[in-house]
Amino acid sequence: MIQLIDLNKYYEDKHVLQNINANFYPGVANLVIGASGGGKSVLVKTMVGLETPTSGQVMFEEKDYHNLEYENQQALRREIGMLFQGTALFDSLTVEQNVEFPLLMFSEMSKEERMERVNLCLSKVNLHNANHKAPSEISGGMKKRVGIARAIALPIKYLFCDEPNSGLDPLTSRVIDALLHDITKEFGITTIINSHDMKTVKDIGEHIVFMHQGQKWWEGSKEELPEAQKSNPELDAFVKASF
Amino acid sequence: MNLFSEIGRYIIFMKYVFKRPERGRVFWSMLTREMNLIGIESLVVVILIALITGAVTTVQTASQLASDSGVLPPSLFPMEIVGSVVGSSSILEIAPTITCLVLAGKIGASIASEIGNMRVSEQIDAYEVMGINSIGFVSLPKILAGVIMIPCLILVSVFLLMVGGLIAAKLTGIMTMDQYVTGLRSSFVPHYVNVLLVKGYIFSFIITSMSAFQGYYTKGGALEVGEAGTKAVTRICVAILAFDLIIAKLLL
Numbered sequence: 163m164i165q166l167i168d169l170n171k172y173y174e175d176k177h178v179l180q181n182i183n184a185n186f187y188p189g190v191a192n193l194v195i196g197a198s199g200g201g202k203s204v205l206v207k208t209m210v211g212l213e214t215p216t217s218g219q220v221m222f223e224e225k226d227y228h229n230l231e232y233e234n235q236q237a238l239r240r241e242i243g244m245l246f247q248g249t250a251l252f253d254s255l256t257v258e259q260n261v262e263f264p265l266l267m268f269s270e271m272s273k274e275e276r277m278e279r280v281n282l283c284l285s286k287v288n289l290h291n292a293n294h295k296a297p298s299e300i301s302g303g304m305k306k307r308v309g310i311a312r313a314i315a316l317p318i319k320y321l322f323c324d325e326p327n328s329g330l331d332p333l334t335s336r337v338i339d340a341l342l343h344d345i346t347k348e349f350g351i352t353t354i355i356n357s358h359d360m361k362t363v364k365d366i367g368e369h370i371v372f373m374h375q376g377q378k379w380w381e382g383s384k385e386e387l388p389e390a391q392k393s394n395p396e397l398d399a400f401v402k403a404s405f
Numbered sequence: 011m012n013l014f015s016e017i018g019r020y021i022i023f024m025k026y027v028f029k030r031p032e033r034g035r036v037f038w039s040m041l042t043r044e045m046n047l048i049g050i051e052s053l054v055v056v057i058l059i060a061l062i063t064g065a066v067t068t069v070q071t072a073s074q075l076a077s078d079s080g081v082l083p084p085s086l087f088p089m090e091i092v093g094s095v096v097g098s099s100s101i102l103e104i105a106p107t108i109t110c111l112v113l114a115g116k117i118g119a120s121i122a123s124e125i126g127n128m129r130v131s132e133q134i135d136a137y138e139v140m141g142i143n144s145i146g147f148v149s150l151p152k153i154l155a156g157v158i159m160i161p162c163l164i165l166v167s168v169f170l171l172m173v174g175g176l177i178a179a180k181l182t183g184i185m186t187m188d189q190y191v192t193g194l195r196s197s198f199v200p201h202y203v204n205v206l207l208v209k210g211y212i213f214s215f216i217i218t219s220m221s222a223f224q225g226y227y228t229k230g231g232a233l234e235v236g237e238a239g240t241k242a243v244t245r246i247c248v249a250i251l252a253f254d255l256i257i258a259k260l261l262l
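Order-wise, the sequence lines are chains W and D. Residue numbering for the first sequence follows the working numbering, starting at 163 and increasing by one per position. Residue numbering for the second sequence follows the working numbering, starting at 11 and increasing by one per position.
Laid out in structure tokens, this is it:
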């Protein structure tokens with residue numbers, strides 16, 4: 163489980179994360195939703211350590227991530243997989259080499275074992291016959307799938323996805339959502355998905371955190387969402403605007 | 011951002027550059043790739059520039075000494091001096107400084123743009139999230155490859171500067187080859203080679219580390235990546251000339 167405790171983040175005098183307290187649970191798809199500029203991306207980047215909080219804690223199980231020693235922090239990072247909004251595939255490497263990269267860096271596997279794992283991960287995301295293609299030669303949806311395959315190449319505990327459906331057509335978006343759902347269930351990982359796509363919430367969302375103007379406005383399960391809309395005009399406006 | 015905070019950031023950056031690489035075999039394969047890119051792929055431009063600059067230096071030195079001496083008529087002027095001037099200036103100044111200024115444009119801009127592009131496309135964030143020291147991972151192979159290969163290019167350049175001068179002397183008939191070679195030999199001071207190597211190592215470190223630093227802290231998009239390359243080259247050129255003066259003052 164990941165816990166956020168009194169998390170604050172300032173950019174100079176702009177208070178972009180305001181006293182956030184939230185929980186993210188293992189084995190379920192945790193969704194961070196909200197309009198653009200609401201602080202979703204900063205929240206996810208702070209959770210994975212790409213941004214440092216001004217105050218507060220990000221607890222991975224019992225470990226205070228931002229106060230760990232450098233080596234321990236690096237070790238914890240190896241349990242984290244991330245799918246970036248722009249996929250962040252290494253453009254000097256092929257699809258296969260991109261997925262192999264974390265294994266090459268952090269496992270003692272032989273070449274054959276690595277290739278076996280790469281092919282397994284690529285088949286999990288239904289990507290076949292693209293092993294030797296460069297990232298520039300494949301479509302946006304395929305890039306996202308390679309990004310997911312790379313994120314799960316090592317046995318991770320936490321998967322972060324920053325706007326996994328951005329730039330994708332509705333059909334491909336549903337395919338990516340289904341993949342993320344299946345991977346979360348199969349590996350029992352804590353998945354945090356940053357999205358403003360209510361279809362994603364409807365299809366795979368289980369635990370929802372709604373961000374508004376840098377604050378955690380609401381947190382609860384998908385089943386509680388319709389009830390919460392009645393007493394929460396900002397949440398209601400966001401949900402209605404999304405359909 | 012003021013100069014002092016920029017220098018502070020550069021020092022912190024260098025602290026991370028020299029952390030032990032996560033995986034030796036990956037590091038070595040990156041190092042050999044960079045040595046090829048920096049060394050072998052710069053060889054043609056270094057050869058051309060050295061030959062042409064050597065020839066130009068010889069022709070201009072001969073012309074200036076003959077017309078400006080005012081003491082002896084050109085026919086009686088000791089042309090060996092031309093070889094002597096070309097030899098000393100090649101070792102002390104032209105080979106290390108001119109070669110590195112040219113390489114700053116070629117290698118410096120390329121490193122800054124490559125790392126800048128990795129930054130804006132989130133590839134560096136991906137390394138960080140994986141638990142890789144991204145500064146060291148993307149910069150150390152480039153810096154080490156530069157420090158190994160650029161001094162080698164400078165040594166090639168010294169030799170070709172002298173060959174360029176020799177060819178110019180022969181083709182233009184300014185002097186005989188014997189006069190030129192005698193001049194070169196008479197001016198040779200072994201300590202100058204030490205100065206050449208010190209300059210070579212320092213300049214190559216400046217080129218690679220400053221361009222990596224500039225690229226790593228790129229923010230924005232394609233426009234800023236281009237700006238990072240331009241900024242890197244400008245700053246490297248100024249730093250090279252400043253250190254050129256400092257080294258000359260300290261070692262000569």
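Just so you know, even glycine gets a beta-carbon here, dropped at the ideal spot from N, CA and C.
Nearest to residue i (by Cα), restricted to the options the options
{"i": "SER357 of chain W", "options": "W:TYR172, W:SER285, W:GLN180 and W:GLY199", "result": "W:GLY199"}
{"i": "GLN377 of chain W", "options": "W:LEU205, W:ASN260, W:VAL190 and W:PHE349", "result": "W:LEU205"}
{"i": "LYS347 of chain W", "options": "W:LEU321, W:SER328, W:LEU330 and W:MET360", "result": "W:LEU321"}
{"i": "MET267 of chain W", "options": "W:GLU381, W:GLN236 and W:SER335", "result": "W:GLN236"}
{"i": "HIS343 of chain W", "options": "W:SER328, W:ASP359, W:GLY367 and W:HIS294", "result": "W:GLY367"}
{"i": "TYR227 of chain D", "options": "D:VAL168, D:VAL130 and D:LEU165", "result": "D:VAL130"}
{"i": "LEU206 of chain D", "options": "D:GLY174, D:THR107 and D:ILE153", "result": "D:THR107"}
{"i": "SER298 of chain W", "options": "W:PHE252, W:ILE351, W:GLY350 and W:ALA313", "result": "W:PHE252"}
{"i": "THR208 of chain W", "options": "W:GLY189, W:ASN229, W:ALA191 and W:ASP175", "result": "W:ASN229"}
{"i": "GLU124 of chain D", "options": "D:ALA232, D:GLY183 and D:SER99", "result": "D:ALA232"}
{"i": "ALA119 of chain D", "options": "D:ILE250, D:GLY239, D:LEU251 and D:LEU261", "result": "D:GLY239"}
{"i": "LEU53 of chain D", "options": "D:PRO88, D:LEU150, D:ALA178 and D:THR109", "result": "D:THR109"}
{"i": "GLU386 of chain W", "options": "W:ALA403, W:SER404 and W:LYS364", "result": "W:LYS364"}
{"i": "GLN74 of chain D", "options": "D:VAL55, D:VAL96 and D:LEU61", "result": "D:VAL96"}
{"i": "SER221 of chain D", "options": "D:TYR202, D:ALA242 and D:PHE213", "result": "D:ALA242"}
Counted within 10 angstroms of its Cβ, other Cβ atoms place residue i as buried (16 or more) or exposed
{"i": "LYS180 of chain D", "result": "exposed"}
{"i": "HIS374 of chain W", "result": "buried"}
{"i": "GLY141 of chain D", "result": "buried"}
{"i": "LEU111 of chain D", "result": "buried"}
{"i": "LYS202 of chain W", "result": "buried"}
{"i": "SER393 of chain W", "result": "exposed"}
{"i": "PHE28 of chain D", "result": "exposed"}
{"i": "THR244 of chain D", "result": "exposed"}
{"i": "TYR173 of chain W", "result": "exposed"}
{"i": "GLU132 of chain D", "result": "buried"}
Residue i to residue j span [Cα, whole Å]
{"i": "LYS286 of chain W", "j": "ALA184 of chain W", "result": "31 Å"}
{"i": "SER15 of chain D", "j": "ILE22 of chain D", "result": "11 Å"}
{"i": "ALA315 of chain W", "j": "SER269 of chain W", "result": "10 Å"}
{"i": "ALA197 of chain W", "j": "PHE372 of chain W", "result": "9 Å"}
{"i": "LYS259 of chain D", "j": "PHE198 of chain D", "result": "19 Å"}
{"i": "LEU208 of chain D", "j": "GLU237 of chain D", "result": "First, the residue type needs correcting, since residue 208 of chain D is Val and not Leu in the sequence shown. Whole-angstrom Cα-Cα distance: 30 Å."}
{"i": "ARG239 of chain W", "j": "PHE253 of chain D", "result": "40 Å"}
{"i": "PRO161 of chain D", "j": "ALA114 of chain D", "result": "13 Å"}
{"i": "GLU233 of chain W", "j": "ARG33 of chain D", "result": "15 Å"}
{"i": "MET244 of chain W", "j": "ILE318 of chain W", "result": "10 Å"}
{"i": "GLY211 of chain W", "j": "TYR227 of chain W", "result": "8 Å"}
C-beta neighbour in chain D for residue i, strict 8 Å
{"i": "GLY199 of chain W", "result": "no"}
{"i": "PRO332 of chain W", "result": "no"}
{"i": "GLY248 of chain W", "result": "yes"}
{"i": "VAL371 of chain W", "result": "no"}
{"i": "ILE182 of chain W", "result": "no"}
{"i": "ILE318 of chain W", "result": "no"}
{"i": "VAL194 of chain W", "result": "no"}
{"i": "PRO326 of chain W", "result": "no"}
Any chain W beta carbon closer than 8 Å to residue i
{"i": "VAL148 of chain D", "result": "no"}
{"i": "ILE22 of chain D", "result": "no"}
{"i": "ILE145 of chain D", "result": "no"}
{"i": "MET45 of chain D", "result": "no"}
{"i": "ARG129 of chain D", "result": "no"}
Three-state class that DSSP yields for residue i in the structure shown
{"i": "ASN181 of chain W", "result": "strand"}
{"i": "GLU274 of chain W", "result": "helix"}
{"i": "GLU223 of chain W", "result": "coil"}
{"i": "ASP324 of chain W", "result": "strand"}
{"i": "ASP175 of chain W", "result": "coil"}
{"i": "GLU51 of chain D", "result": "helix"}
{"i": "MET89 of chain D", "result": "coil"}
{"i": "MET187 of chain D", "result": "helix"}
{"i": "PHE372 of chain W", "result": "strand"}
{"i": "LEU245 of chain W", "result": "strand"}
Chain B within 8 Å of residue i, Cβ atoms only
{"i": "ASP135 of chain D", "result": "Of the protein chains in the structure, W and D, none is chain B."}
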